[in-house]
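Heads up: the protein sequence lines correspond to chains A and B, in order.
Whatever position you read off the first sequence (first residue = 1), add 7 for the working numbering.
Whatever position you read off the second sequence (first residue = 1), add 7 for the working numbering.
Glycine included, each C-beta is placed from N, C-alpha and C at the ideal position.
Since the structure comes first, as C-alpha cells, the remarks are kept for the end.
There are 2 protein chains.
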Amino acid sequence: MSDNRPIGVFDSGIGGITVLKALRAALPHEDLVYLGDTARLPYGTKSPETVTAYATQATKHLMEHGVKMIVIACNTASAVAIGPLTEALKPLPVIGVIEPGAKAGVGATRSGHIGVIATEATVKGGAYARAIHALKPDAFVSQAPCGLFVTLAEEGWVSGDVAEAAAKRYLAPLFRGKNAPDTLVLGCTHFPVLARTIKKVVGKDVKLVDSAATTAKAVQAALADRGLGAKRRGKGKTRFLATDSTERFARVGGIFFGEIIRAKDVELVDIRPS
Amino acid sequence: MSDNRPIGVFDSGIGGITVLKALRAALPHEDLVYLGDTARLPYGTKSPETVTAYATQATKHLMEHGVKMIVIACNTASAVAIGPLTEALKPLPVIGVIEPGAKAGVGATRSGHIGVIATEATVKGGAYARAIHALKPDAFVSQAPCGLFVTLAEEGWVSGDVAEAAAKRYLAPLFRGKNAPDTLVLGCTHFPVLARTIKKVVGKDVKLVDSAATTAKAVQAALADRGLGAKRRGKGKTRFLATDSTERFARVGGIFFGEIIRAKDVELVDIRPS
Numbered sequence: 008m009s010d011n012r013p014i015g016v017f018d019s020g021i022g023g024i025t026v027l028k029a030l031r032a033a034l035p036h037e038d039l040v041y042l043g044d045t046a047r048l049p050y051g052t053k054s055p056e057t058v059t060a061y062a063t064q065a066t067k068h069l070m071e072h073g074v075k076m077i078v079i080a081c082n083t084a085s086a087v088a089i090g091p092l093t094e095a096l097k098p099l100p101v102i103g104v105i106e107p108g109a110k111a112g113v114g115a116t117r118s119g120h121i122g123v124i125a126t127e128a129t130v131k132g133g134a135y136a137r138a139i140h141a142l143k144p145d146a147f148v149s150q151a152p153c154g155l156f157v158t159l160a161e162e163g164w165v166s167g168d169v170a171e172a173a174a175k176r177y178l179a180p181l182f183r184g185k186n187a188p189d190t191l192v193l194g195c196t197h198f199p200v201l202a203r204t205i206k207k208v209v210g211k212d213v214k215l216v217d218s219a220a221t222t223a224k225a226v227q228a229a230l231a232d233r234g235l236g237a238k239r240r241g242k243g244k245t246r247f248l249a250t251d252s253t254e255r256f257a258r259v260g261g262i263f264f265g266e267i268i269r270a271k272d273v274e275l276v277d278i279r280p281s
Numbered sequence: 008m009s010d011n012r013p014i015g016v017f018d019s020g021i022g023g024i025t026v027l028k029a030l031r032a033a034l035p036h037e038d039l040v041y042l043g044d045t046a047r048l049p050y051g052t053k054s055p056e057t058v059t060a061y062a063t064q065a066t067k068h069l070m071e072h073g074v075k076m077i078v079i080a081c082n083t084a085s086a087v088a089i090g091p092l093t094e095a096l097k098p099l100p101v102i103g104v105i106e107p108g109a110k111a112g113v114g115a116t117r118s119g120h121i122g123v124i125a126t127e128a129t130v131k132g133g134a135y136a137r138a139i140h141a142l143k144p145d146a147f148v149s150q151a152p153c154g155l156f157v158t159l160a161e162e163g164w165v166s167g168d169v170a171e172a173a174a175k176r177y178l179a180p181l182f183r184g185k186n187a188p189d190t191l192v193l194g195c196t197h198f199p200v201l202a203r204t205i206k207k208v209v210g211k212d213v214k215l216v217d218s219a220a221t222t223a224k225a226v227q228a229a230l231a232d233r234g235l236g237a238k239r240r241g242k243g244k245t246r247f248l249a250t251d252s253t254e255r256f257a258r259v260g261g262i263f264f265g266e267i268i269r270a271k272d273v274e275l276v277d278i279r280p281s
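See the structure below:
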C-alpha cells in the first residue's frame, strides 16, 4: 500500500518550519504542504476559542490541497485545539506536537522532574503537564511561559547579550537549587533555534527536548500503520503557503528552515470563511 | 456648540492605551471608547493590505457606538491606512498618530537630524519620513525597526538587563558619532513605557518625542474647530472593548494605562464582517 498525496503541515506562522525540517529529514520521499497563518499570528497570546477557530479554518484550507494527514506544527494550537480539530477533520489523521514532546521528555528524565517552557497560552492550558502525567503519573512538572523567545527567534537574535539576558531571567528561577529539572521540553516550535543560549543558562547536564524530531517519528509511525507512505524514487516537494507577508515569511522562515526560502516560492492564500 | 457623543480610540491591541491616557488627561470631560483588536494583533509585522482590512473593520465597529471622531492610536495603522480609513469613515473626522508625532519631532530638533524608531511595517512604509519632510524638507531622518520593544513592553520588562541590552543593540548604531540625531521619535505606542531605558542608551541630550501627548493636542484642536467638545460637569467615562483575551488586555493594559484595569470591565466584541 502507498499514498502519494502530500502531508499538510500547519502553524500559526513560521516557527513550525522547525517541524517541517524534521519531517523532510525523516521522510524525504513525502510531498509536504506547509501553511503559516501569518495574517493572524501569534496564537500564543490569544484565547482557546480564537485559536480553535483560526486553526480550524487553516486546516480546512489544507484539506483542499488533497492532503492525506495533518500535522499541527504549533504548540499552542496542539495544546488547545487538537480535540476539536480531530473532530472537524475526520477521518483524516491529525498529529500534534504536544504528545510527542511529552513522550520525549518522559523518555529523557532520570529524576522525574521535567521543565516545560512555552507560550503563555500553552502554559496556561496545561496540556504538557497533562500529557506528561498520562505517561508518567509520578512526574513533577515545572512550567514557565517565555514569550520573548518567540520575538527573539523571529528577529534572528538567537545568541548574544539580549538572548542570554532573557534566558537568564526566564530560566534561572526554574533551575535554582539541587532539585531542579534534569530535562527541559522546548514547548514552542520557535525555541529550538535558541537551544545553545538556553543550554548556557541551564547547564550542559540538562537534556533539552524538542518535539520536532519526535513529531516526525510519530508521523512516520502513523504513515506505516495505515499504509499511507509515499512511493516515489526522488525527493518529495515542499510547498509553502502563507496568509500574509510572504516576503517576511521567506526571510524569517529561512532562520528556522536552515536554508534560503525565496519570497516568490511562498504562495499567498486567503483562508477566511466566505 | 457641544457634542456629548464619545470619541472612538482604536489600536491593534494594548499599546494605544498610552494615547488614551494622554486623551483622558487633556480632555477629562470627554467620554472615550477604546477598541483593541487583540484577536489579530500585532499589526506591525503584517502587510498594508491586511492592516487596512483589519483597521477598517475595527473602526466601523466603533462607529456603531455612536462616536463623533476616531483616533487611530496605532502607528502601523496610521502609517499604512489613514487614507483608506478617512475615506471609509466619511464624514467622521479621523486623526492618526503619525502627523502629530512628526510635528513634535520637527518642533524638537535643532540639528535637523531626527531619529525614528517603530515597528517593521511602520518603518518600511516610510510614513514618518514623509510626514517629517512635508513639514521640514531639509530634515535628515534615520529610522530603525525595534520589534522586540513591543514584546518587552507587553512582558512588563521595561527596565533591567534584557531591555537595556536590546536598546543598545537597536540604538547604538544610530547614535554613534557626532552627527547622531538630536531627537528621537517613539513611533510606536508601546515605546513610551521604555523611555527611561532608551534614554540611558541614547544619552540625556537626545529629546524623546512621543506622539501620545501631541495626538491629544491635535484631537483637542479638532474638537474646538468643529464645535464638537463635550459639555458636562463631571469626568467622562472610559469604556474598553477587545476582540479577544480580555484578561490579558486588562493585565497588560494596566502597564500602559498606569492604573489598574479590571478584566470584568473589558467587553469582548466580535468585529469580523458577517
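- The stretch 190–203 of chain A makes contact with the stretch 152–162 of chain A, as at least three CB pairs between them are under 8 Å.
- With a beta-carbon spacing of about 15 Å, lysine 28 of chain B and phenylalanine 256 of chain B fall beyond the 8 Å limit used to define contacts.
- When CB distances to chain B are screened at a threshold of 8 Å, the residues of the stretch 153–166 of chain A falling below it are Gly154, Leu155, Val157, Thr158, Leu159, Glu161, Glu162 and Trp164, in chain order.
- When DSSP states are grouped into helix, strand and coil, valine 74 of chain A belongs to the coil group.
- Residue environment analysis places alanine 62 of chain A among the buried positions, since at least 16 neighbouring C-beta atoms fall within 10 angstroms of its C-beta.
- Taking glycine 119 of chain A as reference, the option from A:Val104, A:Pro98, A:Asp251 and A:Ile139 with the minimal CA-CA separation is A:Ile139.
- Considering only beta carbons, the part of the stretch 251–268 of chain A lying closer than 7 Å to chain B consists of Asp251, Ser252 and Arg255, in chain order.
- Along the stretch 39–57 of chain A, the positions whose C-beta sits under 9 Å from a C-beta of chain B are Thr45, Ala46, Arg47, Leu48, Pro49, Thr52, Lys53, Ser54, Glu56 and Thr57, read in chain order.
- Out of B:Phe156, B:Ile121 and B:Ala151, the CA that lies nearest to the CA of leucine 142 of chain B is found in B:Ile121.
- Valine 213 of chain A is not bridged by DSSP to any residue.
- Alanine 220 of chain A counts as buried, since no fewer than 16 other beta carbons sit within 10 angstroms of its beta carbon.
- For proline 55 of chain A, the secondary structure class from DSSP, reduced to helix, strand or coil, is helix.
- Taking a contact as a CB-CB distance under 8 Å, the pair valine 74 of chain A and valine 104 of chain A does not count as one, their CB atoms being some 17 Å apart.
- Collapsing the DSSP output to three states places tyrosine 50 of chain B in coil.
- Within the same chain, Ser166 come within 7 Å of arginine 203 of chain A by CB-CB distance, once the 5 residues on both sides are set aside.
- DSSP places proline 152 of chain B in the uninterrupted beta strand (DSSP E) bounded by 147–152.
- Excluding the 5 residues flanking it on each side, threonine 52 of chain B has same chain C-beta neighbours closer than 8 Å at Thr126, Glu127, Ala128 and Gly154, in chain order.
- With 16 or more other CB atoms across the displayed protein chains lying within 10 angstroms of its CB, isoleucine 268 of chain B is buried.
- Using a Cβ-Cβ cut-off of 8 Å, alanine 172 of chain B counts as an interface residue toward chain A, since at least one Cβ of chain A sits closer than that to its own.
- Cα atoms of threonine 245 of chain B and glutamate 94 of chain B: separation of roughly 27 Å, rounded to the nearest angstrom.
- For isoleucine 105 of chain B, the uninterrupted alpha helix (DSSP H) segment begins and ends at 105–115.
- In the three-state scheme derived from DSSP, where H, G and I count as helix and E and B as strand, aspartate 44 of chain A is classed as coil.
- At a C-beta separation below 8 Å, aspartate 168 of chain A has these neighbours in chain B: Ala172, Lys175 and Arg176.
- Residue environment for asparagine 82 of chain B: buried (at least 16 other C-beta atoms within 10 angstroms of its C-beta).
- For the pair of segments examined, the stretch 182–190 of chain A was found not to touch the stretch 221–240 of chain A: the number of CB pairs separated by less than 8 Å stays below three.
- Rounded to the nearest whole angstrom, the CA to CA distance from glycine 114 of chain B to valine 213 of chain B is 13 Å.
- As the crow flies, the alpha-carbon of lysine 175 of chain A is around 10 Å from that of leucine 181 of chain A.
- Of the residues assessed, methionine 76 of chain B falls on the buried side of the cut-off, its CB having 16 or more other CB atoms within 10 angstroms.
- Contact between proline 100 of chain B and alanine 231 of chain B is ruled out by a C-beta separation of about 12 Å, above the 8 Å threshold.
- Cβ contact annotation for proline 91 of chain A (same chain, cutoff 6 Å, sequence separation greater than five): Thr59, in chain order.
- In its chain, beyond the 5 residues on either side, Pro55, Val58, Thr59, Ala62, Thr63 and Ile79 have a beta carbon closer than 8 Å to the beta carbon of alanine 88 of chain B.
- Non-local C-beta neighbours of aspartate 272 of chain B in its own chain, meaning closer than 8 Å and more than five positions away in sequence, comprise Phe247 and Ala257, ordered along the chain.
- Sorting B:Ala46, B:Phe17, B:Gly23 and B:Asp38 by C-alpha distance to the C-alpha of threonine 253 of chain B places B:Ala46 at the top.
- For phenylalanine 247 of chain A, the uninterrupted beta strand (DSSP E) run begins and ends at 245–249, by DSSP.
- Pairing valine 276 of chain B with histidine 36 of chain B gives a Cβ-Cβ distance that is not under 8 Å.
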